[in-house]
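Novice: So that we are looking at the same thing, I have put the structure below in structure tokens.
Protein chains: 2
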Amino acid sequence: MTFHQLLKEQGTFITLEKGAYLFKQGELNRSLYFVQSGLLKGFYISENGAESVKSFILANDVIGNLTALVDNQVCTFNVIALQEVSLIALPYDTLITQTKLDHGLASGVIELLMKLAIKKERREYEFLCLSPEQRYLKLIEQSELLMTQVTQIDIAGYLGITPVSLSRIKKRIEQGQQ
Amino acid sequence: MTFHQLLKEQGTFITLEKGAYLFKQGELNRSLYFVQSGLLKGFYISENGAESVKSFILANDVIGNLTALVDNQVCTFNVIALQEVSLIALPYDTLITQTKLDHGLASGVIELLMKLAIKKERREYEFLCLSPEQRYLKLIEQSELLMTQVTQIDIAGYLGITPVSLSRIKKRIEQGQQ
DNA sequence: TATGCGCATTAACTTAAGATAATAACCAAT
DNA sequence: ATTGGTTATTATCTTAAGTTAATGCGCATA
Numbered sequence: 000m001t002f003h004q005l006l007k008e009q010g011t012f013i014t015l016e017k018g019a020y021l022f023k024q025g026e027l028n029r030s031l032y033f034v035q036s037g038l039l040k041g042f043y044i045s046e047n048g049a050e051s052v053k054s055f056i057l058a059n060d061v062i063g064n065l066t067a068l069v070d071n072q073v074c075t076f077n078v079i080a081l082q083e084v085s086l087i088a089l090p091y092d093t094l095i096t097q098t099k100l101d102h103g104l105a106s107g108v109i110e111l112l113m114k115l116a117i118k119k120e121r122r123e124y125e126f127l128c129l130s131p132e133q134r135y136l137k138l139i140e141q142s143e144l145l146m147t148q149v150t151q152i153d154i155a156g157y158l159g160i161t162p163v164s165l166s167r168i169k170k171r172i173e174q175g176q177q
Numbered sequence: 000m001t002f003h004q005l006l007k008e009q010g011t012f013i014t015l016e017k018g019a020y021l022f023k024q025g026e027l028n029r030s031l032y033f034v035q036s037g038l039l040k041g042f043y044i045s046e047n048g049a050e051s052v053k054s055f056i057l058a059n060d061v062i063g064n065l066t067a068l069v070d071n072q073v074c075t076f077n078v079i080a081l082q083e084v085s086l087i088a089l090p091y092d093t094l095i096t097q098t099k100l101d102h103g104l105a106s107g108v109i110e111l112l113m114k115l116a117i118k119k120e121r122r123e124y125e126f127l128c129l130s131p132e133q134r135y136l137k138l139i140e141q142s143e144l145l146m147t148q149v150t151q152i153d154i155a156g157y158l159g160i161t162p163v164s165l166s167r168i169k170k171r172i173e174q175g176q177q
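Protein chains in written order, with numbering that gives the first Met the number 0: chain A, 0 to 177; chain B, 0 to 177.
Quick look at the structure:
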């Protein structure tokens, strides 16, 4: 069995309208979600209320709160629908049970997790080694479409800077080009 | 079979003296390494020669260059021994082959990868949401021992700032406390 | 059509980090 | 003992990001 087959057989279909939360920081949540269509945003809220964007979640992505799933803790971040979204939900425990029964599935999950780790490693690299301006240039180069679907506030939140700063960066880049 | 049993049965024992490289950016490398003892440093070198510290690698950690292993590409970072180190090397292909044969091993690898992903997520969070000063405070709180074993240059490299900045941060903290 | 709200830009000011260089302390090796 | 190299601190100056506030724009809705 593949991961996608498991989703179809054991998953439950969900839709969220724009602005609805998939889960919130502080809640318990024991499911994984596969995005069929739409766009979501994962974000942290700090004590002072500031929002930092962890990730944009697109069609064909899998999303879940690892800490909540693996360590059975409370969610460490929020996920909200930026558009109407359709998802397949799968309880984490079902996945674990099935990977223990089905060897092919286990291999598929290993592949998924490797790709996830590589993705995280790339983002870590960008924060560690690149300036906000360099991160912004990489982002627009890699996801032009996304840039048209999210606000500058969210892009700034994703880059770890303020919207004001992002506006200045854009201006710097423009002026450097002409 | 567990991951550790596989290491013992199929792994090869390696020692590195202080200053020796386990692998270098740009090289090909197809192995995973389990650290039995000692301390290593993973780091990126940018085009301008600047060094950024990806991680400190301690006893009982597993290290390997994911991109190089999974995508069969060239290493994206360096690993150097900060002390004399003893390791067990395991070819990645052996691991993959064995996970396909041994279901228990596959489950163990899934667990390992989940923990890895959680670790990466935490570091991502720190870069995204915390200031250099806050990251420094967290680091000394979490790994007092490490702080005595690495230079301030490397700590700064790990925090994504310059040694001069770290020195200033330390001073700020001292002055704030008294 | 008018009102209000969210978004993006801009300005003014503050704060912190980068760059460079000088200095001192320390360690290692000749 | 002396030399040289690395490390950490400090000073000076530059650059960029944070903060706050004002402005203008566009969109939705009353």
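Yeah, the Cβ is synthetic: ideal placement off N, Cα and C, and Gly gets one too.
Out of V52(A), E46(A), V84(A), which one is the CA nearest neighbour of N59(A)?
Specialist: In the first sequence, counting from the first residue as 1, residue 59(A) sits at position 60. Nearest C-alpha to N59(A): V84(A).
Novice: Does DSSP classify V149(A) as helix, strand or coil?
Specialist: By one-based count along the first sequence, residue 149(A) stands at place 150. Three-state DSSP puts V149(A) in coil, outside helix and strand.
Novice: Grab the span of the beta strand (DSSP E) containing F22(B) for me, first residue to last.
Specialist: The sequence position of residue 22(B) within the second sequence is 23, counting from 1. It spans 20-22 - the beta strand (DSSP E) in which F22(B) sits, taken as one unbroken run.
Novice: Would the stretch 59-71 of chain B and the stretch 20-29 of chain B be scored as touching if the rule is three or more Cβ pairs under 8 angstroms?
Specialist: yes
Novice: Answer yes or no: does any C-beta atom of chain B fall closer than 9 angstroms to that of T98(A)?
Specialist: For this step, residue 98(A) is matched to residue 99 along the first sequence. So, interface residue.
Novice: Give the residues of chain B in contact with A105(A), contact being defined as C-beta atoms less than 7 angstroms apart.
Specialist: For the purposes of this step, residue 105(A) is identified with residue 106 of the first sequence, where counting begins at 1. What A105(A) touches in chain B: H102, A105, S106, I109.
Novice: Who are the Cβ neighbours of D101(B) in its own chain at under 7 angstroms, not counting the five residues just before and after it?
Specialist: Here the question's residue 101(B) lines up with position 102 in the second sequence. Once the five neighbours on either side are set aside, the close Cβ partners of D101(B) are M0.
Novice: Only counting the same chain, and skipping five residues up and downstream in sequence, which positions put a Cβ closer than 6 angstroms to that of I13(B)?
Specialist: Within the second sequence, numbered from 1, the residue matching residue 13(B) stands at position 14. Spatial neighbours of I13(B) in its own chain (CB-CB distance under 6 angstroms, excluding positions within 5 residues in sequence) are listed in chain order as L86, A88.
Novice: Give me the Cβ distance between F33(B) and L68(B), rounded to the nearest whole Å; I'm assuming they're in contact under 8 angstroms.
Specialist: The count along the second sequence starts at 1 and reaches residue 33(B) at position 34. The count along the second sequence starts at 1 and reaches residue 68(B) at position 69. Not quite, the Cβ-Cβ distance comes to about 14 angstroms (not below 8 angstroms), so this is no contact.
Novice: On the three-pair Cβ rule with 8 angstroms, is the stretch 145-158 of chain A touching the stretch 113-124 of chain A?
Specialist: no
Novice: Of the residues Y135(B), G159(B), L129(B), T98(B), which one's Cα is nearest the Cα of S178(A)?
Specialist: In the structure as shown, chain A starts at 0 and stops at 177, and residue 178(A) therefore has no counterpart that could be examined.
Novice: Which chain A residues sit within Cβ distance under 7 angstroms of L115(B)?
Specialist: What you label residue 115(B) is simply residue 116 of the second sequence in a count that begins at 1. Chain A residues near L115(B): A116.
Novice: Listed in chain order, which residues of the stretch 121-132 of chain B have Cβ atoms closer than 7 angstroms to some Cβ of chain A?
Specialist: R122, E123, Y124, F126, L127, C128
Novice: Report the three-state DSSP secondary structure of Q72(B) (helix, strand or coil).
Specialist: Translated into positions along the second sequence, residue 72(B) becomes position 73. DSSP places Q72(B) outside both helix and strand once states are collapsed to three, so it counts as coil.
Novice: Beta-carbon of D180(B) versus every beta-carbon of chain A: anything under 9 angstroms?
Specialist: Missing from the structure shown is residue 180(B); chain B here goes from 0 to 177 and no further.
Novice: Determine, using beta-carbon pairs with one atom in the stretch 41-53 of chain B and one in the stretch 75-82 of chain B, whether at least three such pairs fall under 8 angstroms.
Specialist: yes
Novice: In terms of residues, what are the limits of the alpha helix (DSSP H) holding Q35(A)?
Specialist: Taking the first sequence and counting its residues from 1, the one referred to as residue 35(A) is at position 36. Segment 30-36 is the beta strand (DSSP E) holding Q35(A); no alpha helix (DSSP H) there.
Novice: Using a cut-off of 9 angstroms between C-beta atoms, extract the partners of Y66(B) located in chain A.
Specialist: Residue 66(B) sits at position 67 when you count from the first residue of the second sequence. A quick correction: the sequence has Thr, not Tyr, at residue 66(B). Near T66(B) (Cβ distances below 9 angstroms), the residues of chain A are I117, E120, R121.
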